[in-house]
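So the structure is just underneath, and the comments pick up after that.
In the working numbering, the protein residues as written are 5 to 287.
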């Protein structure tokens, strides 16, 4: 793809959405890095945070490239369901990635929402625990980043398959993480609604991935030169109902509605708080 073809409204919209999602998904990672870095010697804590984030971004770029390469290379279905009336259709590597990725992302979102509702203290008195060397802390951060990266990469692939757009979003989110590294805890405490909003968007992304799984085998064999009329029989069907991807317009409409609800709710909450404060002042 040449540079001119990258400068489209769709790619620009996808980039903005990806940057937001990468930032939200990166907050947990960044919070972990901020907490874990306190185990290192005080003089090296800032360097540990910086290198932890740089390695996190590099790991996500590598994982992104590997995932997209495997999806492209293993496009031919390796199994075809033929349970008429219950489950039919082909399964390739992309199908497996989208199904397990969608379930994993939805599980991650529900788990994080439940964690936020539990109101547990995020710090857990980290500074009172035994110290580690800077190398040990960075090694642990890199290992944990491998886990944190899956939801980030899978959600990105669900939105677009344009590698330059995906890579740019990951790099920009990494730069944002570097800028916010020293104040991320305070930011989250004052702006928790953004994390909640992002988690609900993440739920929708999980649904998008599950929808993509239904047509993954079809797209795979079409990429091999097989006509659509022959390939369409490989679409996954559950109880004779074909699984189809959510359209981008529906996805973006859902996101806009979530943002609108959050803005209206925040404004209404501020108004109520102001009225209550005024009543208390005059009572």
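For each residue, glycine too, the CB sits at the ideal point set by N, CA and C.
Could you pull out every residue in the same chain whose Cβ sits closer than 7 Å to the Cβ of residue 103, ignoring the five residues on either side in sequence?
214, 217
Round the Cβ separation of residue 212 and residue 162 to the nearest angstrom and send it over; I've been treating them as touching at under 8 Å.
5 Å
Per the DSSP calculation, residue 216 is bridged to which residue(s)?
Partner(s): none; residue 216 has no beta bridge.
With 16 as the cutoff for other CB atoms within 10 Å, does residue 267 come out buried or exposed?
Classification of residue 267: exposed, given that the 10 Å Cβ count is below 16.
Can you look up residue 178 in the DSSP assignment and give me helix, strand or coil?
helix
Nearest to residue 204 by CA position, among 167, 220, 182, 112, is which residue?
Of 167, 220, 182, 112, the residue nearest in Cα terms is 112.
Quick check on residue 94: does DSSP put it in helix, strand or coil?
strand
Under the three-state DSSP convention, the category residue 234 falls into:
helix
Please determine, among 263, 100, 105, the residue with the shortest C-alpha to C-alpha distance to residue 224.
100
Considering only C-alpha positions, which residue in the set 234, 221, 17, 175 is nearest to residue 66?
Selection 234, 221, 17, 175 evaluated against residue 66 yields 175 as nearest (Cα-Cα).
Per DSSP, which residues does residue 241 bridge with? Please list them.
92, 246
Among 81, 261, 273, which one has its Cα closest to the Cα of residue 96?
81
With C-beta atoms as the reference, is residue 94 less than 9 Å away from residue 222?
yes
Can you give me the start and stop residues for the beta strand (DSSP E) that residue 84 sits inside?
83-87
Out of 24, 16, 17, which one is the CA nearest neighbour of residue 177?
24
Find out if the Cβ-Cβ distance for the pair residue 22, residue 254 is shorter than 9 Å.
no
Under the three-state DSSP convention, the category residue 80 falls into
Coil, per DSSP.
In its own chain, which residues sit with a C-beta less than 7 Å from the C-beta of residue 92, not counting the 5 before and 5 after it?
Apart from the 5 residues on each side of it in sequence, residue 92 sits with its Cβ closer than 7 Å to the Cβ of 85, 86, 241 in its chain, given in chain order.
Going by CA-CA distance only, name the one from 208, 13, 58, 271 that's closest to residue 2.
No information on residue 2 is available, as it lies outside the stretch 5 to 287 that the chain covers here.
Can you name, in chain order, every residue of its own chain whose Cβ lies under 7 Å from the Cβ of residue 235, other than the five neighbours on each side?
222, 225, 226
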